[in-house]
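These notes are about the structure you will find just below.
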Amino acid sequence: MIGTKQMGRWIRNETVRWATAACATAGVFVCAHLALEESSPKRDETVAVSPPAVTLWFSEAPQMAGTSVRLLPKGGEPLDLEPATANEDDPSVVVLDVGEKLADGDYEVMWRAMAQDGHTIRGDFGFTVTTDR
Ligand SMILES: [Cu+2]
Numbered sequence: 038m039i040g041t042k043q044m045g046r047w048i049r050n051e052t053v054r055w056a057t058a059a060c061a062t063a064g065v066f067v068c069a070h071l072a073l074e075e076s077s078p079k080r081d082e083t084v085a086v087s088p089p090a091v092t093l094w095f096s097e098a099p100q101m102a103g104t105s106v107r108l109l110p111k112g113g114e115p116l117d118l119e120p121a122t123a124n125e126d127d128p129s130v131v132v133l134d135v136g137e138k139l140a141d142g143d144y145e146v147m148w149r150a151m152a153q154d155g156h157t158i159r160g161d162f163g164f165t166v167t168t169d170r
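The numbering of the sequence shown is this note's numbering, which starts it at 38 and goes up by one.
Below is the structure:
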């Protein structure tokens with residue numbers, strides 16, 4: 038005979054197991070709870086002013102220990118910048134200070150974020166800086 042208490046624990050364990058399995062099956066790019074919702078610059082955006090920062094809005098606060106953002110000219114080496122940081126008021130917002138004026142051209146943002154449960158998601162997107170017009 039299984040007690041009600043044990044049953045409750047069993048259901049909880051099964052729920053955790055299934056949630057974990059769903060995340061794992063979907064692969065590293067999809068995690069049900071952590072996702073990139075918005076960015077600045079946006080994907081494929083052309084900006085007329087060199088952006089002072091690359092900002093990523095996530096669906097929840099990632100673990101910064103497993104989160105990184107790199108900015109690189111298309112086909113080039115990542116720019117040597119200070120590591121991205123979480124916004125103090127809203128830790129689901131991750132900011133990479135650019136700190137220097139970007140030359141006109143195509144750029145790529147490569148990011149990785151670790152969810153509170155340890156799952157890692159990653160992605161990349163590009164934007165273009167065109168100031169001479
Ligand atoms: Cu997860």
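Heads up, the beta-carbon is just placed ideally off N, CA and C, and yes, glycines get one too.
- Placement of the Cβ of L71 at a distance of less than 8 Å from at least one heavy atom of ligand 1 is found.
- Judged by DSSP in its simplified three-state form, E145 adopts strand.
- In this structure, the C-beta of A150 stays at least 8 Å away from each heavy atom of ligand 1.
- Under the DSSP assignment, L133 falls in the beta strand (DSSP E) whose first and last residues are V130 to D134.
- Looking at the backbone, the Cα of T167 and that of E114 are separated by about 20 Å.
- Distance from the Cα of S105 is smallest, within the candidate group G112, L139 and M147, for M147.
- For the options P99, E137, K111 and D169, the alpha carbon positioned closest to that of M151 is the one of P99.
- 9 Å or more divides the Cβ of L71 from the Cβ of G160.
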